[in-house]
Amino acid sequence: MPLLPRLGVAAALLGLMPLLGSTGCDVSGDLACTEIGCSDGYTVSLVAADRFPDGVYEIAINGDNTPEGCRFEVVDGRLLDDETCNAAYGIGPTFPTPEAVGITYPTITSEIEIVVSRDGAVIERLATTPVYETIQPNGPDCDPACRVAGAEFFVD
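Those letters in the sequence shown? Residues 964 to 1119, by this note's numbering.
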């Protein structure tokens, strides 16, 4: 089944959403910076409406001729741990059922190509020029400031 891509920073911000609006305040009412970290990068997410179909998935990202990748397997709707995949996994209601898997390409790149495959067959390919957004998870006057972009692919 095809994946439906949606470009944007939603994938990159997925893990930060509860924290983006939180800044600390001291007792005098002055804003104080929190210490939430972030990093520059491009995040690719696979999102399943219910659960991932069984198979071996690979996400290959190539930005400015520097490859990054992630491989994981789903069997009977359950995620098999793959230590070679440096990715953030979404936690489903019946852990470790995956609802989302994301991999971040840790550098700013001018061109990026993404190839998603299942069981060796390409199910999605996207070449794009990333549009980065600057985020400041600790507030507008606080460090760090990170440039992020991303794409989501929805599994039908």
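For glycine and all other residues, C-beta sits at the position ideal for the given N, C-alpha and C.
Own chain residues within Cβ distance below 6 Å of residue i, not counting five before or after
i       : result
Arg1081 : Gly1018 and Tyr1020
Thr1070 : none
Gly1026 : Tyr1068, Thr1072 and Ile1075
Val1010 : Ala1063, Glu1115 and Phe1117
Asp989  : Caution is warranted here: a pLDDT of 40 is assigned to Asp989, below 50, making its placement in the model unreliable, and no coordinate value can be reported.
Val1097 : Note that residue 1097 is Thr in the sequence shown here, rather than Val. Counting only Cβ-Cβ distances below 6 Å, and skipping sequence neighbours, we find Ala1108 and Arg1110.
Simplified DSSP assignment, three categories, for residue i
i       : result
Pro1103 : coil
Ser1080 : strand
Ala1108 : coil
Ile1075 : strand
Gly1000 : coil
Thr1006 : strand
Thr929  : Any answer about residue 929 is impossible in this case: the structure gives the chain only from 964 up to 1119.
CB of residue i within 8 Å of CB of residue j, strictly
i       : j       : result
Cys1105 : Ser1002 : no
Pro1093 : Tyr1005 : yes
Gly1065 : Val1007 : yes
Sequence-distant residues of its chain with Cβ nearer than 7 Å to residue i (five each side left out)
i       : result
Val1078 : Ala1023, Val1085 and Arg1088
Pro1103 : none
Beta strand (DSSP E) segment containing residue i, residue limits
i       : result
Glu1096 : Glu1096 to Ile1098
Thr1092 : Per DSSP, Thr1092 belongs to no beta strand (DSSP E) and is neither H nor E.
Cβ neighbours of residue i in the same chain (closer than 8 Å, five flanking residues each side left out)
i       : result
Gly1040 : Arg1014, Phe1015, Asp1017 and Thr1060
### Message
Restricting to runs no shorter than 3 residues, where is the beta strand (DSSP E) found entirely within the segment 1009 to 1049?
### Response
1018 to 1026, 1029 to 1038 and 1041 to 1043
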